[in-house]
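In UniProt numbering, the protein residues as written are 1 to 534.
For every residue, glycine included, the Cβ atom is placed at its ideal position computed from N, Cα and C.
Just so you know, these numbers come straight off a predicted model, no measurement behind them.
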């Protein structure tokens, strides 16, 4: 006799009785996927010192996770639809945990990057599976509330990653930040077998493998070119991969339009609801990941907070996302999807724009208020946007829908760190050069002059270089007097850089909100519509 746990959702006569417990398992699985990205923010300094990482190596320790994660989500989402969404979740957790174990024992840069890439593959399997399982398990009347909880979890993980990593790093090496994922993944896997019912598409034909390959090449090349181009210049490789991404995109669209059973029905992006919601998700996470990227460095290198202290001070973002998600679930049925999404984007934009007023003397509260507003904006916008995307795909295409939503999140995050990080680095380099040449660090000669030049060079990508050099100078009796002026110069230069990057991020989000307001249909507009027109 078929047990409740092995009975597919499609064969149940009533809504699955343990669906809210199943949602907890899905949220736990999502939690470690997002935490794996944000925990590295506070672990990066220790890894840099221990492994002797160059700026390029550090970038690929971070983004070795991002490239496969973004590139593979759409394909793996469809594979989960075809064979087993719960099976995909379990496979993803196993791959993710295996990569984490490998990372915990890695003692070379290449090994750490490889471990991160394995974890990225696991994450690409897990994330669309969580969303497709959620939609398949919950009846439509409860789906918005469940997606709000899912979205709140992603916001919680953004801050919980640095908090947990910071707590661990107080007494352990950076390798433990990998290992902590293993028991969580194991618990999620066991709970998934017990609580999450099996689910798969009932009428899905053969997988469009050519479309899948084109999507992997397109998204992978695009993310790679964005990361390399904005951080290290557009000569050589990034130009080639950008061209490859463009060719891949055209080929993917043409192929999908002609295929009888496409991997992703690209016509959906021409529907106002799907196109507008996808753009909103991308822009929200562009601003969020960019802001977290430079705020966390401000906390560590300028305000002098330790890893744990940094994690604690990012918590207002997570709390605000959770509050915003709860509010969104209550007000969206009253004011409509468009008002909720656009209103949240505007709130988030205001939060980012407040950061343009940061100066060298700004304390924690100048950053706490923007974090709260950014979190509220994400919480208000993301749940209805995700719900709008998922609601416009059939039950057989939930994996593709989840892959589209999650790719927008990851692509937005990559763009945020790459573009806003590039603006940050360029502005900071110009400012620190001006401070030093203007004798803000006076009378440097010989070895001290070389140290200052080195600080100026590395500060083109990160304020951490100047901070570490100032720390070394403070420990040298002959150089101690120069350490404080250099750190003051770095703080002022970094404040200018935050202001420049925040103008770009805030205006992009605000203009994006206006565009999304034109794209999305009104409260009473039909869900299925024709091509996007602005």
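Simplified DSSP state of residue i, which is helix, strand or coil
| i | result |
| --- | --- |
| residue 108 | coil |
| residue 202 | coil |
| residue 458 | Residue placement at residue 458 is flagged as unreliable, the pLDDT there being 48, under the threshold of 50; the coordinate-derived value follows with that caveat. Helix. |
| residue 322 | helix |
| residue 227 | helix |
| residue 252 | helix |
| residue 336 | coil |
| residue 365 | helix |
| residue 217 | helix |
| residue 18 | coil |
| residue 88 | helix |
| residue 39 | coil |
| residue 162 | helix |
| residue 12 | coil |
| residue 52 | coil |
| residue 423 | helix |
| residue 139 | coil |
| residue 173 | coil |
| residue 196 | coil |
| residue 520 | coil |
| residue 515 | helix |
| residue 375 | helix |
| residue 441 | Note on residue 441: pLDDT 45, under 50, position unreliable in the model; no value is reported. |
| residue 263 | coil |
| residue 131 | helix |
| residue 360 | coil |
| residue 154 | helix |
| residue 392 | coil |
| residue 125 | helix |
| residue 23 | helix |
| residue 409 | helix |
| residue 46 | helix |
| residue 180 | coil |
| residue 525 | Confidence is the limiting factor: at residue 525 the pLDDT is only 38, short of 50, which leaves the residue's position unreliable and the question unanswerable from this model. |
Beta-carbon proximity list for residue i, same chain, < 6 Å, skipping 5 on both sides
| i | result |
| --- | --- |
| residue 34 | 154, 157 |
| residue 161 | 35, 38, 39 |
| residue 179 | 104 |
| residue 368 | 316 |
| residue 146 | 23, 134, 138 |
Same chain only: Cβ atoms within 7 Å of residue i, ignoring 5 sequence neighbours per side
| i | result |
| --- | --- |
| residue 495 | 358, 359, 360, 362 |
| residue 228 | 237, 238 |
| residue 25 | 188, 191, 192, 195, 196 |
| residue 533 | Bear in mind that a pLDDT of 35 at residue 533, under 50, signals an unreliable position, so the number given afterwards is only what the model happens to contain. Around residue 533: no qualifying Cβ. |
| residue 366 | 358 |
Burial state of residue i (16 or more Cβ within 10 Å)
| i | result |
| --- | --- |
| residue 225 | buried |
| residue 159 | buried |
| residue 343 | buried |
| residue 110 | exposed |
| residue 66 | buried |
| residue 316 | buried |
| residue 518 | exposed |
| residue 441 | Interpretation of residue 441 is limited by its pLDDT of 45, a score under 50 that renders its predicted location unreliable; no figure is taken from the coordinates. |
| residue 206 | exposed |
| residue 12 | exposed |
| residue 281 | buried |
| residue 49 | exposed |
| residue 140 | exposed |
| residue 335 | exposed |
| residue 202 | exposed |
| residue 14 | exposed |
| residue 416 | buried |
| residue 397 | buried |
| residue 171 | exposed |
| residue 543 | Nothing about residue 543 can be reported from this structure: the residues present for the chain run from 1 to 534 only. |
| residue 258 | exposed |
| residue 508 | buried |
| residue 186 | exposed |
| residue 107 | exposed |
| residue 530 | Residue placement at residue 530 is poorly supported in this model, since its pLDDT is 42, which falls under 50; the coordinates still yield a value, given next. The residue in question, residue 530, is exposed, as its Cβ has fewer than 16 Cβ neighbours within 10 Å. |
Contacts around residue i, its chain only, beta-carbon distance under 8 Å, and the 5 residues preceding and following it disregarded
| i | result |
| --- | --- |
| residue 256 | 208, 211, 262, 263, 264, 265, 266 |
| residue 439 | Residue confidence is low: residue 439 scores 40 on pLDDT, short of 50, so the model does not pin down where it sits. Its coordinate-derived value is still stated next. Here the set comprises nothing. |
| residue 117 | 64, 65, 67, 68, 99 |
| residue 27 | 130, 149, 150, 153 |
| residue 296 | 41, 42, 162, 310, 314 |
Residue i Cβ short of 7 Å to the ligand PLP heavy atom set
| i | result |
| --- | --- |
| residue 248 | As for the ligand PLP, it is missing from this structure, which has no ligand bound. |
Checklist entry - Unbroken alpha helix (DSSP H) runs of length 4 or more, entirely within the segment 268–308: which are they? => result Runs found: 272–297.
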